[in-house]
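To convert a position in the sequence shown, counted from 1, into my numbering, add 427.
Don't be surprised by glycine CBs; every beta carbon is placed ideally from N, CA and C.
Here the structure is laid out as structure tokens; the discussion comes afterwards.
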Amino acid sequence: MTKLLILSVSAGNGHVRAAQAIAATAQSLAPPCTAVHIDAMAHVAAGFRKVYTDWYIQLVNRAPELWSYLHQRTDVTPHHAPSQRLRRGIERLSTGALVREIRREKPDAVICTHFLPAELLMRERNRGRIDYPVWLQITDYDLHNMWLVPGMTGYLAATEEVAFRLRARGIPPERIHFTGIPVMPAFSEPDAPALAREACVAGLGLDPSRPVLLMVSGGAGVGDLPSMVERVLDMGGPDGKPNDFQVIAVAGRNAEAHGRLEALARRHPGRVAAIGFTNEMHRMMAASDLVVTKPGGLTVSECLALGKPMLLISPIPGQEEHNAGFLMEEGAAWLAYDAIGLDYKVARLMADPAKLSSMAARSRALGKPQAARSVLRHVLGTPA
């Protein structure tokens, strides 16, 4: 049986979710493929892990302008530049345990959903220490220089434009494959009865005959999630009349926010479903008519897979801004720059079913619900 090793990095959650999606899909193949998922950050020095994960999150939240500058500078810095060689040298010194763990697994092929393990394996291949193919899955809707790791067996692109950019930057065309970004199997069958909107809405204790807004994050400029939900519940429509839409608010692991959302649900009976951590996000999305979210690569891929229009908020400078630009250009999303814009655009969109319908159609046209299977077809060399 083929053994596939999938390597992610928990700098943000998207790289991990893409790896989990590939692994889960591999288990469903006939015949199944053995898939082992390793988060690289579980096998590196503690100090390196803190810098690579915690520092990244703090930087994008507290100093987005600095992160934007770093993102732009690294995008124009060649792979062979001294600063890049120094960075890779530091990474090698901090990731010896990870390399040893990869060797112990003895895979038949590797898929990396982040460039860090791909760079480590590139060096291993160049030194003749490994001979199995290594593939790189790009998890955003634009191409940054850090994804241009030389010597990969194949590059799995989120969009046709990303594939074009790979070719333009010198990657051989035969190594580039347009697959989309992998999503979990729960998102891969958008027309399944289990994802029927009416059933999903009713299952949350809401009214299927009324519009539903899904809100899954807050951030810089728009306020925290409970404050966002409270504002949209209290505001009127664009004509000044009270709105009647319902809200699904997902706080995740933030217990304090979840408690505040539950208090809002008690104040607005029948209008709010307050959700904490959940593995049922596919049902939340299926129940919604509009999704308010940050434009992370995996979250928007899930929305596209289910054909959901999006109102985007608080993009991280660089990659998420580019994701937002792609979605707006294609007609699947709007962007709210601040709290006032959020209020205005929620009111506009929720009062305009025709506009939501056209955005949903564009979203579905862009969606790649079978992206994980496409990835595995290329990696395993199986028929389409």
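Proximity to Ala-759 across Leu-717, Gly-768, Ile-743 and Ser-437 peaks at Leu-717, based on C-alpha coordinates. Bounds of any beta strand (DSSP E) do not take in Tyr-559, whose DSSP letter is neither H nor E. Counting along the chain, the unbroken alpha helix (DSSP H) around Gly-523 starts and ends at 523 to 532.
In this structure Tyr-568 is buried. Its beta-carbon is surrounded by 16 or more other beta-carbon atoms within 10 angstroms. As a beta-bridge residue in DSSP terms, Leu-717 pairs with Leu-640. Taking each of Lys-430, Tyr-582 and Leu-762 in turn and checking the Cα distance to Tyr-559, the smallest one comes out for Lys-430. The beta-bridge partner set that DSSP reports for Met-737 consists of Val-718 and Ala-760.
For Tyr-483, there is no enclosing beta strand (DSSP E); the enclosing alpha helix (DSSP H) has its first and last residue at 483 to 489.
Here DSSP, grouped into helix, strand and coil, assigns Cys-539 to strand. Here Glu-683 is exposed. Its C-beta has fewer than 16 other C-beta atoms within 10 Å. In this structure Ile-565 touches Leu-583 by the C-beta definition: roughly 6 Å separates them, less than 8 Å. Measuring C-alpha to C-alpha distances from Met-755 to each of Ile-740, Ile-767 and Ile-608 identifies Ile-740 as the nearest. Taken through DSSP and simplified to helix, strand or coil, Thr-480 comes out as helix.
In the same chain as Thr-726, and ignoring 5 residues on each side of it, the C-beta atoms closer than 8 Å to its own belong to Gly-441, Val-643 and Thr-720, in chain order. The beta carbon of Ala-629 lies closer than 8 Å to those of Pro-635 in the same chain, with the five residues before and after it left out. In the structure shown, Gln-746 falls within a helical segment according to DSSP collapsed to helix, strand and coil. When the alpha-carbon of Phe-672 is set against those of Glu-518, Val-659, Pro-638 and Lys-782, the nearest one is in Pro-638.
Here Leu-432 has Val-463, Glu-532, Pro-534 and Val-537 as same chain residues with Cβ atoms under 6 Å from its own Cβ, once five neighbours each way along the sequence are excluded. Less than 9 Å divides the Cβ of Ala-678 from the Cβ of Pro-653. The region 649 to 698 is shown to contain whole alpha helix (DSSP H) runs of 4 or more residues at 652 to 661 and 682 to 694, in chain order.
Pairing His-506 with Val-576 gives a Cβ-Cβ distance under 9 Å. Look at the region 551 to 637 and you find these whole runs of alpha helix (DSSP H), each 4 residues long or longer: 587 to 595 and 624 to 630. Apart from sequence neighbours up to five positions away, the residues of its chain that approach Gln-746 with a beta-carbon distance below 6 Å are Asp-567, ordered along the chain.
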